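S.K.: Under the numbering used here, the first residue of the sequence shown carries the number 456, and numbering increases by one thereafter.
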Amino acid sequence: MGISEDGFFKALSDRRRRLIIDELLARDQQSLFELCTRLISLQDVGISRHGISRHLQILENVGVIEVKWNGNTKIHSLHPTPLSGLSQGWLSNF
């Protein structure tokens, strides 16, 4: 994994970031607008668009999500390698 396990677990420690991951698991390849709509309507998350954008950046920095551009729109997708790598790292001790 390219980032420290501490940074990775810190990124996952926030409930809103885990909800973002859940939303991308349910429906991958979403724009910021789509994620905002789904998080507010389906998950009843009280967070601004800017807040979601900050959480997406943190998840991107640790490699959990990847971003591709579709015209002027950023599309967010899960990147499973860091998540699957947990079973081979520290968690493999359990």
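Ideal Cβ positions, reconstructed from N, Cα and C, are used throughout, including at glycine.
Quick caveat, the model's predicted, so the values are computed rather than measured.
Any idea what DSSP makes of Ile530, helix, strand or coil?
M.R.: In this structure, Ile530 counts as strand in the three-state DSSP scheme.
S.K.: In the DSSP assignment, find the alpha helix (DSSP H) that holds Asn516 and state where it starts and stops.
M.R.: Taken as a continuous stretch (DSSP letters only), the alpha helix (DSSP H) holding Asn516 covers Arg504 to Asn516.
S.K.: What are the residues that DSSP puts in a beta bridge with Lys523?
M.R.: Ile530
S.K.: What's the C-alpha gap between Glu521 and Asp461?
M.R.: 20 angstroms
S.K.: Among all the DSSP beta bridges, which residues are the ones paired with Ser459?
M.R.: In the DSSP output, where bridge partners are listed per residue, Ser459 has none listed.
S.K.: Under 8 angstroms between C-beta atoms, does Lys529 make it to chain D?
M.R.: No chain D is part of this structure, which consists of one protein chain only.
S.K.: Just the C-alpha distance for Met456 and Ala466, rounded to the nearest angstrom, thanks.
M.R.: For Met456, the predicted model reports a pLDDT of 45, less than 50, meaning its position is unreliable; a value from the coordinates is still stated below. Between Met456 and Ala466, the C-alpha separation is close to 14 angstroms.
S.K.: Check for me: the alpha helix (DSSP H) holding Asp477 runs from which residue to which?
M.R.: Arg470 to Ala481
S.K.: Between the Cα of Ile530 and the Cα atoms of Arg482, Leu474 and Arg472, which residue gives the shortest distance?
M.R.: Arg482
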